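Working notes, beginning with the structure itself.
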């Protein structure tokens with residue numbers, strides 16, 4: 023079927039940034055009509071945030087890059103330009119009434135429509151979301167309640183919707199899973215599982231782009247070995263308290279806690295160790311900060327290796343991202359920028375504003 027070509031036309035947008043200390047991370051985008059009214063509003067903000075800046079700009083439909091000069095660097099960090107580009111492209115697509123054509127410069131043409139089935143808090147799921155986002159592979163994310171699909175008869179009464187949710191995809195209550203019309207799947211399944219397998223597949227969808235392979239840097243590997251036992255004690259006691267779909271139902275929280283308590287994890291004891299654990303991890307952060315040797319063109323921020331972002335970063339960043347739920351950690355500036363830019367470029371939310 024022939025696709026209707028739309029002529030270039032003026033697109034006026036209003037971009038509002040909302041204050042989220044210590045930086046602006048929430049925004050609202052509106053398409054402005056000639057009469058001053060707005061339509062096709064794209065939101066990623068909380069109404070209670072204070073307005074921090076407002077920009078009105080004219081863009082030509084077809085010119086899909088938002089000029090960085092539009093943004094006051096004192097008001098908005100450079101990594102936010104990446105996300106705003108994404109949402110303005112979505113607005114442009116709606117205005118043109120031809121999403122495939124309007125979005126082609128952002129996601130690449132003729133790519134399959136993909137769904138990433140994920141738990142918001144799962145580091146393995148975040149691996150995939152980072153890569154899809156960095157490579158600008160068009161996809162949507164579907165999150166699930168953590169207890170959905172678990173059989174209460176086999177889980178000491180915990181879980182709900184036995185056999186549903188993620189189980190419908192692969193027969194297992196495991197995520198991430200990538201589904202889509204052209205995604206290769208194993209017999210009897212509805213999607214591709216295993217995070218690094220999905221990462222490998224995702225890179226094939228973005229010809230001309232790619233990620234450096236893993237180097238298994240000895241210093242980074244040694245650093246990762248120092249995190250236990252602090253990591254599970256800090257994260258397990260906090261993640262279920264984050265305002266996520268993963269834990270929106272009290273049955274999700276109950277299943278999450280039972281899943282660890284059955285193996286002897288003591289939530290109260292772990293939480294009591296918080297001050298000492300925060301001190302340990304803050305010290306480790308100082309060590310890791312010195313290991314960031316490169317700058318990534320893909321994310322606009324620091325990365326592990328001099329040649330750019332790669333699988334080494336894919337394995338590390340999800341762990342750091344989850345640690346943003348811990349209040350009191352001392353993040354060196356470069357390490358903080360590393361996490362913020364990498365996650366912002368892939369639209370992966372941090373937990374900083376909910377940290378406890």
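In this note's numbering, the protein residues as written are 23 to 378. Just so you know, even glycine gets a beta-carbon here, dropped at the ideal spot from N, CA and C. This one's a predicted model, so the numbers in the text were calculated from it and none came from an experiment.
Nearest to residue i by alpha carbon, out of the options?
| i | options | result |
| --- | --- | --- |
| residue 197 | 259, 274 and 139 | 139 |
| residue 226 | 244, 206 and 252 | 206 |
| residue 334 | 239, 230, 251 and 355 | 239 |
| residue 144 | 251, 271, 339 and 322 | 339 |
| residue 222 | 142, 336 and 276 | 336 |
| residue 200 | 248, 236 and 137 | 137 |
| residue 254 | 353, 149 and 347 | 347 |
| residue 322 | 299, 308 and 364 | 364 |
| residue 375 | 343, 360 and 357 | 343 |
| residue 179 | 228, 166 and 279 | 279 |
| residue 149 | 219, 318 and 299 | 219 |
| residue 228 | 157, 304 and 171 | 157 |
| residue 154 | 167, 171 and 135 | 135 |
| residue 224 | 272, 159 and 282 | 159 |
| residue 300 | 166, 360 and 350 | 350 |
| residue 237 | 329, 274 and 195 | 329 |
| residue 190 | 170, 242 and 305 | 170 |
| residue 304 | 202, 287 and 358 | 358 |
| residue 372 | 264, 181, 354 and 203 | 264 |
Between residue i and residue j, is the Cβ-Cβ spacing less than 7 Å?
| i | j | result |
| --- | --- | --- |
| residue 368 | residue 152 | yes |
| residue 332 | residue 209 | no |
| residue 256 | residue 142 | no |
| residue 289 | residue 259 | yes |
| residue 167 | residue 311 | no |
| residue 302 | residue 377 | no |
Rounded to a whole number of angstroms, what is the C-alpha to C-alpha distance between residue i and residue j?
| i | j | result |
| --- | --- | --- |
| residue 176 | residue 212 | 24 Å |
| residue 183 | residue 284 | 21 Å |
| residue 327 | residue 244 | 16 Å |
| residue 41 | residue 193 | With a pLDDT of only 47 at residue 41, under the threshold of 50, the placement of this residue in the model should not be trusted; the figure read from the coordinates follows. So the two alpha carbons sit approximately 43 Å from each other. |
| residue 341 | residue 262 | 16 Å |
| residue 146 | residue 216 | 8 Å |
| residue 128 | residue 231 | Any answer about residue 128 is weak, because its pLDDT of 31 lies below 50 and its placement is not dependable; what the coordinates show is given next. Cα to Cα, the separation comes out at about 13 Å. |
| residue 276 | residue 319 | 42 Å |
| residue 308 | residue 173 | 43 Å |
| residue 324 | residue 306 | 18 Å |
Determine the DSSP secondary structure at residue i, reduced to helix, strand or coil.
| i | result |
| --- | --- |
| residue 234 | strand |
| residue 374 | helix |
| residue 248 | coil |
| residue 315 | coil |
| residue 345 | helix |
| residue 253 | helix |
| residue 165 | strand |
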